[in-house]
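Undergrad: Take this structure first; my questions come after.
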Amino acid sequence: MHSSGRSGSMTISVARTALLGAACVVALSLSGWNAVAADLRLGSNFGDTHSSTRALKDVFATKVEELTQGRHTVSVFANSELGQTSEMVNQAQSGINFGVYVSTAFYNSQVPQLGVTNLPFVFSDRETAFKVIDGPMGEQLKPLFEEKGLVVLGFMELGFRHITNSKRAIVEPDDVAGLKIRLQSNPVHIATFNLLGASPVALDGTEIFAALSQGVIDGQENPYSVINNLRLYDARQRYVSETGHFFDIIVFAVSKSVLEGMTPEDREAVIEAGRLATAEQRRIAAEDEAANRAAVEAKGVEITVLTPEQREAFQAATAPVYDQVREALGQDLVDTFLSAIAAAK
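Structure (structure tokens):
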């Protein structure tokens, strides 16, 4: 019995030693894991050559690694590599991925108030748009993102959206009537094209080329940067009408929980890198506009430039959407937004 007790004691001692050793291994492993750079994954539906992707790879990724002394690195996944656009927004919200940079339309379910920036023909030029979005209006919108688990690091430029189609040149509102037009899943955009008599079809960006090529839809609307990046001239898009009906913004938003989990120094470094990348993206976007337009025109696409009178006819046809947005989002929000635009001109 005595011998058995000593054996049992030795067994317990060995077990304790083994557990202690395992604990040390776990502790060392965790220590090593913490010492490894945390990779911040960003997702988007934009392509590798789009100004937003280039700015985030060349400026944001470089500055994050530099300013955090290698404690964080950045991986940018373009071309919807991380899933459909709405999925990527949800991934950033949950912290599965660090961030996402996509059009305002894809944040509608999180921040419906952002829809006020989608009103048709509300901006006359990019300078006015960014005076407004960089001012009190933008500061009013940012906390609404934080309530949904996202922090805005930058409002980037997507640009003026134009209509392309396979059927005819569009010079007046009636020319849009009956066309099956792909739109983002954006209530303001859809309401606007309903007023023009179109048949809106909400599709993810990954589905546009195939739907156009197969004739499932007649046309779509996007800035020249997207028309060229997606090579929509190879998808039966023979006509472009420079309606400039919406000026679209890219929201670069990141996971609030992941950002807040960083040290204060690293958090400020990431925010600063976002500011620098946003400034660079806007510069590139403005510079690329003429080149993208020229590339589209070189493919034999017929481009229609609206006269001031023709543009006014589109404005008049879509004006009722302003009252619809007032009813949906609130009179005060719309009036504050329109006042900010008037002050910025």
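The working numbering puts the sequence shown at residues 92 to 436.
All C-beta atoms in this analysis are idealised placements derived from N, C-alpha and C, irrespective of residue type, glycine included.
Would you identify the three-state DSSP class for E351, choosing helix, strand or coil?
TA: In the sequence shown, the residue the question calls residue 351 occupies position 260. It is helical.
Undergrad: Can you tell me which of N188, V307 and E333 puts its alpha carbon nearest to the alpha carbon of I318?
TA: Within the sequence shown, residue 318 is the residue found at index 227, counting from 1. Here the closest residue by C-alpha is E333.
Undergrad: Can you list, in chain order, the stretches of the beta strand (DSSP E) that have 3 or more residues and sit fully within the stretch 163 to 242?
TA: For the stretch 163 to 242, whole beta strand (DSSP E) runs of length 3 or above, ordered along the chain, are 163 to 168 and 190 to 194.
Undergrad: Given a cut-off of 8 Å on the beta-carbon distance, is the pair R132 and S166 in contact?
TA: Numbered from 1 along the sequence shown, position 41 holds the residue referred to as residue 132. Numbered from 1 along the sequence shown, position 75 holds the residue referred to as residue 166. In this structure, S166 lies closer than 8 Å to R132 by Cβ.
Undergrad: Identify the residues that DSSP records as bridge partners of K271: which are they?
TA: Stepping through the sequence shown from its first residue, residue 271 is reached at position 180. Partner(s): S290.
Undergrad: Mind checking whether V267 and G288 have CB atoms under 8 Å apart?
TA: One-based indexing of the sequence shown puts residue 267 at position 176. One-based indexing of the sequence shown puts residue 288 at position 197. In this structure, G288 lies closer than 8 Å to V267 by Cβ.
Undergrad: Nearest-angstrom Cα distance between P234 and S304?
TA: Stepping through the sequence shown from its first residue, residue 234 is reached at position 143. Stepping through the sequence shown from its first residue, residue 304 is reached at position 213. If you take the alpha carbons of P234 and S304, they lie about 41 Å apart.
Undergrad: For A169, count neighbouring C-beta atoms within 10 Å of its own C-beta (all shown protein chains included) and say buried if the count is 16 or more, exposed if not.
TA: Numbered from its first residue, the sequence shown carries residue 169 at position 78. A169 is buried by the Cβ-count criterion.
Undergrad: For the beta strand (DSSP E) holding N147, just list the boundary residues, first then last.
TA: Against the sequence shown, residue 147 aligns to sequence position 56. The sequence shown places Leu at residue 147, rather than the Asn named in the question. That residue, L147, is in no beta strand (DSSP E); it is neither H nor E in DSSP.
Undergrad: What separation, rounded to the nearest whole angstrom, lies between the Cα atoms of S218 and E312?
TA: Working through the sequence shown from its first residue, we reach residue 218 at position 127. Working through the sequence shown from its first residue, we reach residue 312 at position 221. Here residue 218 is Glu; the residue named in the question, Ser, does not match the sequence. Approximately 22 Å, taken between the alpha carbons.
Undergrad: Are the CB atoms of V396 and R329 within a distance shorter than 8 Å?
TA: As a working mapping, residue 329 is identified with position 238 in the sequence shown. As a working mapping, residue 396 is identified with position 305 in the sequence shown. No.
Undergrad: Going along the chain, which unbroken runs of the alpha helix (DSSP H) with 4 or more residues stay wholly within the stretch 386 to 427?
TA: If we require 4 residues or more, the alpha helix (DSSP H) runs fully inside the stretch 386 to 427 come out as 399 to 409 and 411 to 420.
Undergrad: Taking C-beta to C-beta, are L232 and K347 nearer than 8 Å?
TA: Taking the sequence shown and counting its residues from 1, the one referred to as residue 232 is at position 141. Taking the sequence shown and counting its residues from 1, the one referred to as residue 347 is at position 256. Contact flag unset, no.
Undergrad: For T427, tell me which candidate among Q160, V223 and Q415 has the shortest Cα-Cα distance.
TA: As a position in the sequence shown, residue 427 is number 336, starting the count at 1. Closest option to T427, Cα to Cα, is V223.
Undergrad: On the three-pair Cβ rule with 8 Å, is the stretch 351 to 359 touching the stretch 375 to 389?
TA: No, they do not touch.
Undergrad: Three-state secondary structure (DSSP) at Q328?
TA: The residue given as residue 328 occupies position 237 in the sequence shown. Three-state result, Q328: coil.
Undergrad: Taking its Cβ as the centre, do 16 or more other Cβ atoms sit within 10 Å of S142, making it buried, or is it exposed?
TA: Residue mapping note: residue 142 aligns to position 51 of the sequence shown, counting from 1. It counts as buried.
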